[in-house]
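Counting from 156, one number per residue, gives the positions in the sequence shown under my numbering. Below is one structure, written out as structure tokens; comments come after it.
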Amino acid sequence: MNPEERLREIREQIADKTRIIVEEFCQRLILAKEVAALKTQLNLPIEDYQIEKKLTQQIRNICVKNNIDPKLGLKLLNILISASISIQKAATNKPLITPTTIFEETRRLEEQGAKIIHLEVGEPDFGPPQRVIDATIKALKEGRTHYTSKYGIPELRRALANRLSERWHTSIAPYETIVTPGGRAALTLALSTILNQGDSAIIFEPAWPAYKNCVESLGCRARVVNTTMENDWQPEVSQIEDLIDETTKVILVNSPCNPTGKVLSRKVLKSIINIAAKHNITIVSDEAYTEFSYRNRYSLLQEDCRKIVLGTFSKAWGMTGFRLGYIIAPKEICDAISEIAGEFYTSVPEPIQVAGLTALECFNEVDKYVALMKRRLETVLTLLKPLPITFKEPDGAFYIFFKLKDPISGEEFVEQLLKKHHVALTPGSSFGRYQSFVRFSFCRPEEELREGVARMREFLL
Ligand SMILES: Cc1ncc(COP(=O)(O)O)c(C=O)c1O
Numbered sequence: 156m157n158p159e160e161r162l163r164e165i166r167e168q169i170a171d172k173t174r175i176i177v178e179e180f181c182q183r184l185i186l187a188k189e190v191a192a193l194k195t196q197l198n199l200p201i202e203d204y205q206i207e208k209k210l211t212q213q214i215r216n217i218c219v220k221n222n223i224d225p226k227l228g229l230k231l232l233n234i235l236i237s238a239s240i241s242i243q244k245a246a247t248n249k250p251l252i253t254p255t256t257i258f259e260e261t262r263r264l265e266e267q268g269a270k271i272i273h274l275e276v277g278e279p280d281f282g283p284p285q286r287v288i289d290a291t292i293k294a295l296k297e298g299r300t301h302y303t304s305k306y307g308i309p310e311l312r313r314a315l316a317n318r319l320s321e322r323w324h325t326s327i328a329p330y331e332t333i334v335t336p337g338g339r340a341a342l343t344l345a346l347s348t349i350l351n352q353g354d355s356a357i358i359f360e361p362a363w364p365a366y367k368n369c370v371e372s373l374g375c376r377a378r379v380v381n382t383t384m385e386n387d388w389q390p391e392v393s394q395i396e397d398l399i400d401e402t403t404k405v406i407l408v409n410s411p412c413n414p415t416g417k418v419l420s421r422k423v424l425k426s427i428i429n430i431a432a433k434h435n436i437t438i439v440s441d442e443a444y445t446e447f448s449y450r451n452r453y454s455l456l457q458e459d460c461r462k463i464v465l466g467t468f469s470k471a472w473g474m475t476g477f478r479l480g481y482i483i484a485p486k487e488i489c490d491a492i493s494e495i496a497g498e499f500y501t502s503v504p505e506p507i508q509v510a511g512l513t514a515l516e517c518f519n520e521v522d523k524y525v526a527l528m529k530r531r532l533e534t535v536l537t538l539l540k541p542l543p544i545t546f547k548e549p550d551g552a553f554y555i556f557f558k559l560k561d562p563i564s565g566e567e568f569v570e571q572l573l574k575k576h577h578v579a580l581t582p583g584s585s586f587g588r589y590q591s592f593v594r595f596s597f598c599r600p601e602e603e604l605r606e607g608v609a610r611m612r613e614f615l616l
């Protein structure tokens, strides 16, 4: 057979195989729909890693037999499973009460004149230090209103490197920093740089929902280690290792955690670092709440491991509306991130970066804010303890994640409390499979916290 004929033949065979794959893929999705209906009926979770594990091993064997890198087969498996998950998610009951519905409902009630106590948002009420506001206005008046480097202005990168090196007794170079429009963007940029379609990332739940959403929006699998209040919200290290395969690129750590306030123990953190090193995995450490650590405060910046650290000015300096954050990572990662950043938003607004520079100069204000939050935490703990709820005292952040003793679900509780008593909270279902939990944010002045708990008490007792 001459080469042209052989090429034609192979092309026909490839087209044939592709048609078979797509036909089988469609059949697989039809089956997934039926599985969704059965799982809803049986009240089973969408994902079952034990069943997946068996399939993973079989796919690995098929690849080895055909002399193909197992990673390729496992990535394809992740894509197939992701497609089934989206079908199952669309078919199963979604939470009815979400942060968006609470937002809409509070606005509706406020428009009717109701005085709502906002204990649902993770936004400090104190706002930025006055010096930061003054510096922003000055920057605008001085004409600092231009495009800047996609990495951020050099003086802010230098200040970040110096300030964080000093704070965590380490050595960070300015080229290992990149300024971002907020912590959420830092997360998206970091994950977009490391994850490719079909990869997987390990996350611990309950968690800030952005983690799962971001991983899945990149066409990747978010494999969840569920932590429990009974186990003091510590992840089981053996479970982490169980979920790792050749496609796993990231372990996401958030300590202190939103919503539990858990600061991971050094022992658990060391184990995570060891597992990550063994499997060549990058730890992405979201340190949005690190300053708000009421017991031991630490950063992954102190550890010698493959890591990307995400930071934000939103929480510690009360600068949510400024949209300013940063990433600390090896130079090649910062370079890769800068490429996406440049394409995506060109650069962070210049006056906002000047504001960040000033914020780093007034760290003493942060200490005052942290002390204020700690006082609020103590007040709230005293107020909540007599209520028919259970919770672990948070080590950090500004939330209490409590479990209702009544048979009422977190969603029903949040909905009714808002309607009847005008107190807004967030249901636990927003953070994973935590239907009987509710998140209480103590980002409001003490009188409001007292009034909010009094209304909860009235509802619960
Ligand atoms: C855990 C966590 N990380 C990061 C952020 C990001 O905040 P921002 O995008 O305002 O910087 C939040 C906000 O709520 C958060 O809860």
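All C-beta atoms, glycine included, are put in the ideal place defined by N, C-alpha and C.
Requested in this report: Could you spell out where the beta strand (DSSP E) holding Glu-360 opens and where it closes?
Outcome: The residue you call residue 360 lines up with position 205 of the sequence shown. For Glu-360, the uninterrupted beta strand (DSSP E) run begins and ends at 355-360, by DSSP.
Report task. Could you spell out where the alpha helix (DSSP H) holding Asn-222 opens and where it closes? Result -> In the sequence shown, residue 222 corresponds to position 67, counting from 1. No alpha helix (DSSP H) contains Asn-222, which DSSP labels as neither H nor E.
Requested in this report: Using only alpha-carbon positions, find the residue among Ala-432, Arg-421, Pro-411 and Lys-422 that is nearest to Val-405.
Outcome: Sequence index remark: in the sequence shown, residue 405 carries index 250 (1-based). The residue with the shortest Cα to Cα distance from Val-405 is Ala-432.
Requested in this report: Give the single residue among Glu-310, Gly-480 and Thr-402 whose Cα lies nearest to the Cα of Gly-337.
Outcome: For the purposes of this step, residue 337 is taken as residue 182 along the sequence shown, with counting starting at 1. Looking at the Cα atoms, Gly-480 is the closest of the given residues.
Query - Minimum length 4: unbroken alpha helix (DSSP H) runs contained in the segment 293-334 - result: 309-322
Query raised in the report: For Ser-448, which of helix, strand or coil comes out of DSSP?
Result: For this step, residue 448 is matched to residue 293 along the sequence shown. Ser-448: strand per DSSP, three-state reduction.
Query raised in the report: In the structure shown, what three-state DSSP assignment does Asp-203 receive?
Result: Here residue 203 corresponds to residue number 48 of the sequence shown, with the count starting at 1. Here Asp-203 sits in coil by DSSP.
**Report entry** Cβ neighbour criterion (16 or more within 10 Å) applied to Cys-181
**Finding:** Here residue 181 refers to the residue found at position 26 of the sequence shown. With fewer than 16 other Cβ atoms within 10 Å, it is exposed.
Query raised in the report: For the putative contact between Asp-441 and Leu-407, defined by C-beta atoms under 8 Å, what is the C-beta separation to the nearest angstrom?
Result: The residue you call residue 441 lines up with position 286 of the sequence shown. The residue you call residue 407 lines up with position 252 of the sequence shown. About 7 Å separates the two Cβ atoms, so the contact holds.
Query - Between the CA atoms of Gln-205 and Leu-536 - distance to the nearest angstrom - result: Stepping through the sequence shown from its first residue, residue 536 is reached at position 381. Stepping through the sequence shown from its first residue, residue 205 is reached at position 50. Between Leu-536 and Gln-205, the C-alpha separation is close to 39 Å.
Requested in this report: Whole angstroms is fine: what's the gap from Cys-375's alpha carbon to Arg-286's?
Outcome: Residue mapping note: residue 375 aligns to position 220 of the sequence shown, counting from 1. Residue mapping note: residue 286 aligns to position 131 of the sequence shown, counting from 1. Here the C-alpha atom of Cys-375 lies approximately 42 Å from the C-alpha atom of Arg-286.
**Report entry** Beta-carbon proximity of Leu-319 to Gln-352, cut-off 8 Å
**Finding:** Here the question's residue 319 lines up with position 164 in the sequence shown. Here the question's residue 352 lines up with position 197 in the sequence shown. When the beta-carbon positions are compared, Leu-319 and Gln-352 stay at least 8 Å from each other.
**Report entry** Segments of 3+ residues assigned as beta strand (DSSP E) that fall wholly inside the segment 570-605
**Finding:** Entirely contained in the segment 570-605, the beta strand (DSSP E) runs reaching 3 residues are, in chain order, 592-596.
Report task. Can you tell me which of Cys-489, Thr-545 and Gly-473 puts its alpha carbon nearest to the alpha carbon of Ala-510? Result -> Along the sequence shown, read from residue 1 onward, the residue named residue 510 stands at position 355. Per the Cα distances, Gly-473.
Query raised in the report: Near Glu-629, which residues of its chain fall below 7 Å by C-beta distance, leaving aside the five closest residues on each side in sequence?
Result: This structure gives no information on residue 629, because the portion of the chain shown stretches from 156 to 616.
Query raised in the report: Who sits around ligand 1, taking every residue whose Cβ is closer than 6 Å to one of its heavy atoms?
Result: So the residues near ligand 1 by this Cβ test are Gly-277, Gly-337, Gly-338, Arg-339, Trp-363, Asn-409, Asn-413, Asp-441, Ala-443, Thr-467, Ser-469, Thr-475 and Gly-480.
Report task. Can you tell me which of Cys-412, Ile-492, Leu-344 and Glu-401 puts its alpha carbon nearest to the alpha carbon of Ala-362? Result -> Sequence index remark: in the sequence shown, residue 362 carries index 207 (1-based). The shortest C-alpha separation from Ala-362 is found at Cys-412.
Query raised in the report: Would you call Asp-400 buried or exposed, if buried means 16 or more other Cβ atoms sit within 10 Å of its Cβ?
Result: Here the question's residue 400 lines up with position 245 in the sequence shown. With 16 or more other CB atoms across the displayed protein chains lying within 10 angstroms of its CB, Asp-400 is buried.
Query raised in the report: Do we get a CB-CB distance below 8 Å when we pair Phe-468 with the residues of chain D?
Result: The chain inventory of the structure shown lacks chain D, comprising one protein chain alone.
Query raised in the report: Could you check where the beta strand (DSSP E) with Ala-377 kicks off and where it finishes?
Result: For this step, residue 377 is matched to residue 222 along the sequence shown. Here the beta strand (DSSP E) through Ala-377 covers 376-381.
Report task. Reducing DSSP to helix, strand and coil, say where Asp-441 ends up. Result -> If you number the sequence shown from 1, residue 441 lands on position 286. Strand.
Requested in this report: Would you give the residue range spanned by the beta strand (DSSP E) that Tyr-453 belongs to?
Outcome: Position 298 of the sequence shown, counting from 1, holds the residue named residue 453. Counting along the chain, Tyr-453 falls outside any beta strand (DSSP E), and DSSP gives it neither H nor E.
Report task. Mind reading off the beta-carbon distance from Pro-279 to Tyr-524? Whole number of angstroms is fine, and I expect it under 8 Å. Result -> Here residue 279 is taken as the residue at index 124 of the sequence shown, counted from 1. Here residue 524 is taken as the residue at index 369 of the sequence shown, counted from 1. Right, the Cβ-Cβ distance comes to about 7 Å (below 8 Å), so this counts as a contact.
Query raised in the report: Comparing alpha-carbon positions, which option in Leu-572, Ile-236 and Pro-504 lies nearest Arg-612?
Result: Start at 1 with the first residue of the sequence shown, and residue 612 comes out as number 457. Out of Leu-572, Ile-236 and Pro-504, Leu-572 has the C-alpha closest to the C-alpha of Arg-612.
Query raised in the report: Which word fits Tyr-330, buried or exposed, when buried means at least 16 other C-beta atoms lie within 10 angstroms of its C-beta?
Result: For the purposes of this step, residue 330 is taken as residue 175 along the sequence shown, with counting starting at 1. Burial call: exposed.
Report task. Label Thr-343 either buried or exposed according to how many other C-beta atoms from any shown protein chain fall within 10 Å of its C-beta, with 16 as the threshold for buried. Result -> Along the sequence shown, read from residue 1 onward, the residue named residue 343 stands at position 188. So Thr-343 counts as buried.
Query raised in the report: Three or more C-beta pairs closer than 8 Å, one from the segment 532-547 and one from the segment 592-601: is that the case here?
Result: yes
Requested in this report: Take Leu-229 as the anchor and find which of Asn-386, Asn-221, Ile-240 and Arg-215 has the nearest alpha-carbon.
Outcome: Taking the first residue of the sequence shown as position 1, residue 229 is located at position 74. With distances taken between Cα atoms, Leu-229 lies closest to Arg-215.
Requested in this report: Output the distance between the C-alpha atoms of Asn-148 and Ser-591, rounded to the nearest integer angstrom.
Outcome: Outside the displayed span of the chain (156 to 616) sits residue 148, for which this structure offers no information.
Requested in this report: Would you identify the three-state DSSP class for Asn-409, choosing helix, strand or coil?
Outcome: In the sequence shown, residue 409 corresponds to position 254, counting from 1. Correct three-state label for Asn-409: strand.
**Report entry** Outcome for Gly-298 when other beta-carbon atoms lying within 10 angstroms are tallied against a minimum of 16
**Finding:** The residue given as residue 298 occupies position 143 in the sequence shown. Exposed, since its Cβ has fewer than 16 Cβ neighbours within 10 Å.
Requested in this report: With DSSP as the reference, label Leu-184 as helix, strand or coil.
Outcome: Against the sequence shown, residue 184 aligns to sequence position 29. In the structure shown, Leu-184 sits in a helix (DSSP, three-state: H, G or I).
**Report entry** Phe-518 in three-state terms, based on DSSP
**Finding:** Counted from its first residue, the sequence shown places residue 518 at position 363. Here Phe-518 sits in helix by DSSP.
Requested in this report: Rounded to whole angstroms, what's the CA-CA distance from Asp-620 to Glu-446? Just pull it up for me.
Outcome: There is simply no residue 620 to check, as the chain begins at 156 and stops at 616 in what is shown.
Requested in this report: Along the beta strand (DSSP E) that carries Ile-483, what are the first and last residues, could you check?
Outcome: Numbered from 1 along the sequence shown, position 328 holds the residue referred to as residue 483. Where Ile-483 is concerned, the enclosing beta strand (DSSP E) stretches over 480-483.
Query raised in the report: Using the rule of at least 16 other Cβ atoms within 10 Å of the residue's Cβ for burial, across every protein chain shown, is Val-177 buried or exposed?
Result: Within the sequence shown, residue 177 is the residue found at index 22, counting from 1. Classification of Val-177: exposed, given that the 10 Å Cβ count is below 16.
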